[in-house]
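Encoded as C-alpha cells, the structure appears first; notes follow it.
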Amino acid sequence: MKVQLEQRLTELRVEYESGQKVLKDIELKLAELENRKKNLSEILLRISGAIDLLEEVLEGKEGEQGPETSTGPEAIEESVEVPNVVRQPLEKAMLTLEEAGLKAGEIVEQKGVFPVGVMVGEILRQEPKPGTMSPAGSSVKLVVAARGKFMPRDNKYSLCGSFSDSS
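So the sequence shown is residues 11 to 177, counted in the working numbering.
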C-alpha cells in the first residue's frame with residue numbers, strides 16, 4: 011500500500027509540475043496579448059486623432075467657400091472673437107463662451123476612441139472655429155467626448171443630458 015501511495019505521490023508531482031509549466035506559458039501568452047492590445051489601442055488613438063484633424067482641415071476648406079461676411083465697422087462692433095474651448099470640460103467651455111458674449115448651441119456627444127489625453131466630458135471640436143469672428147450672442151456647436159464601446163460606462167445617463175435635448 012505504501013509503495014502505491016508513493017507512486018501516486020510521484021505521479022501527482024509530475025502532473026503538478028506539468029500544469030505549472032502550462033500555466034506559466036499561458037501567462038506569458040496573455041502578457042504578450044495585453045502588450046499587443048495596448049499597442050493597438052495606441053495606434054487606434056493616433057489614427058483617430060489623425061482622422062479628427064483631417065476632418066477639421068476638410069471642414070475648414072469647405073467653410074472658406076461660403077458666402078462673404080460684412081467687414082464694415084458695424085460688423086466689427088457686433089462681432090466677437092470665438093474663444094478656443096477645445097479640450098475644456100463642457101461646463102467650463104460653456105462659461106468661457108458666455109464670458110466672450112456667445113452661448114453654447116447644439117451639444118453633440120461623440121463616442122469612440124479619442125486622441126491621447128482627451129478625457130470623457132471634454133470638448134473635441136467646436137463650430138465656428140476658434141479665432142473666427144461671430145455675431146455677439148450667437149451659438150457655438152460643441153462636440154463632447156462621451157463613453158463609447160471601448161470605455162466602461164458607469165451610469166446609464168447621457169453626459170450631456172442636462173445641457174441638450176438631443177440624444
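By construction, the Cβ of each residue, glycine as well, lies at the ideal position given by its N, Cα and C atoms.
Short of 6 Å from the beta carbon of Arg97, and not among the five residues preceding or following it, lie these beta carbons of its own chain, in chain order: Glu132. Secondary structure of Arg135 (DSSP, three-state): strand.
Beta bridge pairing from DSSP links Gln120 with Ala155. Met143 is bridged by DSSP to Glu91. Boundaries of the alpha helix (DSSP H) harbouring Leu107: Leu100 to Glu109, taken from the DSSP string. Within its own chain, the residues whose Cβ lies closer than 6 Å to the Cβ of Ala110, once the five positions on either side in sequence are excluded, are Val90 and Pro93, listed in chain order. In this structure, the beta-carbon distance from Glu119 to Val154 falls below 7 Å. Ranked by how close their Cα comes to the Cα of Asp62, the residues Lys12, Lys113 and Arg135 have Arg135 in first place.
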